[in-house]
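Below is one structure, written out as structure tokens, with a few remarks after it.
In this note's numbering, the protein residues as written are 12 to 206.
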């Protein structure tokens, strides 16, 4: 069986590509189940390599703007202090939307089986943590780990949280960090098809 791999051209300018190479310390960078080739400005969806329409929509609407902003951000060392989205600069104003777009889907998909979260996160380069009933850390972009914590369904229903290192706002504006959290959850849900 022949598998067609759909490669999407990002059309990032030379300065952005150079800065991304510096930030990622490589010419070929993997994040959230994508492989980003910084030599020729292309990206491949490793979770679904032949999905042209879904991948292209994600790239054009979410990934290109996020990478462009990431390239001009101010990298900060990780602090090790995890904070909720609402505690990011200006995050409180977008917290309800973030919860509806990222946290609730996480609860719905993994709430019945919280331990599955860590298994699925491995498809995105994530690592298992020992928080809650199920948890994982995924590097959404170099220097910006996302911590997913899930408490399973019981009489009150599942609950989840997505935490950021306090340094995340140096890399990206809060709006992009929201997009990053939403994208990571979309990719986790897509990765369930592989598990």
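Note that beta-carbon positions come from the ideal geometry of N, C-alpha and C, so glycine has one too.
Only a predicted model underlies this, so the values are computations on that prediction, with no experimental measurement involved.
Bridge partners - residue i, DSSP secondary structure assignment
i, result
"residue 145", "161"
"residue 45", "42 and 56"
"residue 172", "160"
"residue 20", "53"
"residue 95", "174"
Length of the line joining the Cα atoms of residue i and residue j
i, j, result
"residue 87", "residue 166", "41 Å"
"residue 125", "residue 26", "42 Å"
"residue 19", "residue 163", "37 Å"
"residue 29", "residue 153", "15 Å"
"residue 72", "residue 142", "32 Å"
"residue 114", "residue 16", "31 Å"
"residue 102", "residue 70", "24 Å"
"residue 119", "residue 200", "10 Å"
"residue 168", "residue 144", "13 Å"
Residues of its chain near residue i, where Cβ-Cβ distance is below 8 Å and the 5 sequence neighbours each way are ignored
i, result
"residue 206", "127, 130, 131 and 134"
"residue 191", "77, 151, 152, 155, 157 and 183"
"residue 79", "23 and 27"
"residue 187", "76, 77, 80 and 81"
Among the options, nearest to residue i - alpha-carbon criterion
i, options, result
"residue 202", "45, 21 and 181", "45"
"residue 112", "22, 21, 199 and 189", "189"
"residue 41", "136, 186, 179 and 75", "136"
"residue 74", "123, 31, 122 and 108", "31"
"residue 204", "59, 39 and 54", "59"
Cβ neighbours of residue i in the same chain (closer than 7 Å, five flanking residues each side left out)
i, result
"residue 195", "43, 149, 151 and 157"
"residue 61", "14, 15, 16 and 17"
"residue 57", "44, 45 and 46"
Sequence-distant residues of the same chain with beta carbon closer than 6 Å to residue i, five excluded per side
i, result
"residue 170", "162"
"residue 23", "52"
"residue 198", "43, 44 and 135"
"residue 179", "155 and 188"
Inter-stretch contact (C-beta, 8 Å, three-pair minimum) for the stretch 46-59 and the stretch 28-35: Between the stretch 46-59 and the stretch 28-35 there are three or more inter-stretch CB-CB distances shorter than 8 Å, so the stretches are counted as touching.
Hey, is the stretch 162-181 in contact with the stretch 91-107, meaning 3+ C-beta pairs nearer than 8 Å? Contact annotation: the stretch 162-181 touches the stretch 91-107, with at least three C-beta pairs closer than 8 Å.
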